[in-house]
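> Would you mind keeping the following structure in view while I ask a few things?
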Amino acid sequence: MTDHATAHTNQLPAASTGDLALCPIRVGDQITATRDPSVHGQVTYVSDYPDALIECLVQLPDGQKFFAPPWLLRPVDGDQDAFTTQIEALVAA
């Protein structure tokens, strides 16, 4: 789990400590939703909360935004098998 002894650690996008370091989703990534592949957007923020929940803020082309855990997102580009392996490691952590 993440040590939150430093103030505002949970507000840093894509920090490199704790479970967040295992998250394969990064700010700027183009993603699609696993449950609805027609949903495409860009990750604008990744947050690691004290309860070990990681959420990604995704902005859609029309400007709407939504939060989703990384395991409900997929990168538009890249190695899907490697991504799946990384998500499985994150969930197991």
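Sequential numbering of the sequence shown, starting at 1, is according to the working numbering. Using N, Cα and C, we set each Cβ at its ideal position, and we do this for glycine too.
May I ask which residues mark the beginning and end of the beta strand (DSSP E) holding L90?
That residue, L90, is in no beta strand (DSSP E); its alpha helix (DSSP H) goes Q80 to A92.
> Over what stretch of residues does the beta strand (DSSP E) that includes L60 continue unbroken?
Taken as a continuous stretch (DSSP letters only), L60 belongs to no beta strand (DSSP E), as it is neither H nor E.
> Bridge partners for P75 per DSSP, in chain order?
According to DSSP, which records beta bridges pairwise, P75 is partnered with I31.
> Look at the Cβ atom of V46, then the Cβ atom of V27, and state whether they are nearer than 7 Å.
Yes. Within cutoff.
> Can you tell me which of Q42, C56 and G41 puts its alpha carbon nearest to the alpha carbon of D48?
D48 has its Cα closest to that of C56, out of Q42, C56 and G41.
> Count the other CB atoms within 10 Å of the CB of P37; is the residue buried (16 or more) or exposed (fewer)?
It is exposed - the Cβ of P37 has fewer than 16 other Cβ atoms within 10 Å.
> How many angstroms separate the CA atom of F67 from the CA atom of I87?
Cα to Cα, F67 sits roughly 17 Å from I87.
> Assuming Y49 is part of the beta strand (DSSP E), what are its boundary residues?
No beta strand (DSSP E) holds Y49; DSSP gives it neither H nor E.
> Skipping 5 residues on each side, what residues in its chain have a beta carbon closer than 6 Å to that of H40?
The answer, listed in chain order, is T32.
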